[in-house]
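Participant: No gaps in the numbering here: position 92 of the sequence shown is 92 in this note's numbering, and each next residue is one more.
C-beta: ideal position from N, C-alpha, C; glycine also.
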Amino acid sequence: MPESASGREGVGPSRMGKANPGALRAEESDPINHPSHYTSSPARCPGCGSGIECITIAEHYGFNLGNAVKYLWRADLKGDAIEDLRKAAWYVQREIERRTR
Ligand SMILES: [Zn+2]
1 MPESASGREG
11 VGPSRMGKAN
21 PGALRAEESD
31 PINHPSHYTS
41 SPARCPGCGS
51 GIECITIAEH
61 YGFNLGNAVK
71 YLWRADLKGD
81 AIEDLRKAAW
91 YVQREIERRT
101 R
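Quick look at the structure:
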């Protein structure tokens, strides 16, 4: 699954305007760089109102917790939410085992 390194808040001209919560910006229909299931969260930067992408948060965690964040983030936004929640739980469990073995 391609995960873009781009898409940080404040990068790119379309990030510069005032946020329009609920509106799809052009880049949010970009399935490679900005897949909508990782950009359509209602989460907004309290400073400027820009939309927050999953990767902006997830990249600060390790592999297991970053993946857990990813699957929690996209639950109800792509495919089967229960499957996403199970995957998130799987990565959390893996991290627990890694830290306690
Ligand atoms: Zn901001």
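DSSP three-state call for Arg101: helix, strand or coil?
Facilitator: The answer is coil: DSSP assigns Arg101 none of H, G, I, E or B.
Participant: Are Leu65 and Glu95 touching if we call contact CB-CB under 8 Å?
Facilitator: Yes; because the gap between Cβ atoms is below 8 Å, this pair is in contact.
Participant: Considering only heavy atoms of ligand 1, does any lie closer than 7 Å to the CB of Ser41?
Facilitator: Ser41: no, Cβ never under 7 Å from ligand 1.
Participant: Given a cut-off of 8 Å on the beta-carbon distance, is the pair Tyr38 and Ile52 in contact?
Facilitator: For Tyr38 and Ile52, no; Cβs fall outside 8 Å.
Participant: Going along the chain, which residues of its own chain have a beta-carbon closer than 7 Å to the beta-carbon of Gly7, five neighbours each way excluded?
Facilitator: With a pLDDT of only 37 at Gly7, under 50, the local geometry of the prediction cannot be trusted, and the value read off the model is given with reservation. Counting only Cβ-Cβ distances below 7 Å, and skipping sequence neighbours, we find Asn33, His34, Glu53 and Ile55.
Participant: My guess is that Ala88 and Ala68 are in contact by the Cβ rule of under 8 Å, so how many angstroms apart are they, rounded?
Facilitator: So it is a contact: roughly 5 Å between Cβ atoms.
Participant: For the alpha helix (DSSP H) containing Arg74, name the first residue and the last one.
Facilitator: Segment Phe63 to Arg74, the alpha helix (DSSP H) holding Arg74.
Participant: Can you tell me where the alpha helix (DSSP H) with Ala58 in it begins and where it stops?
Facilitator: It spans Cys54 to Ala58 - the alpha helix (DSSP H) in which Ala58 sits, taken as one unbroken run.
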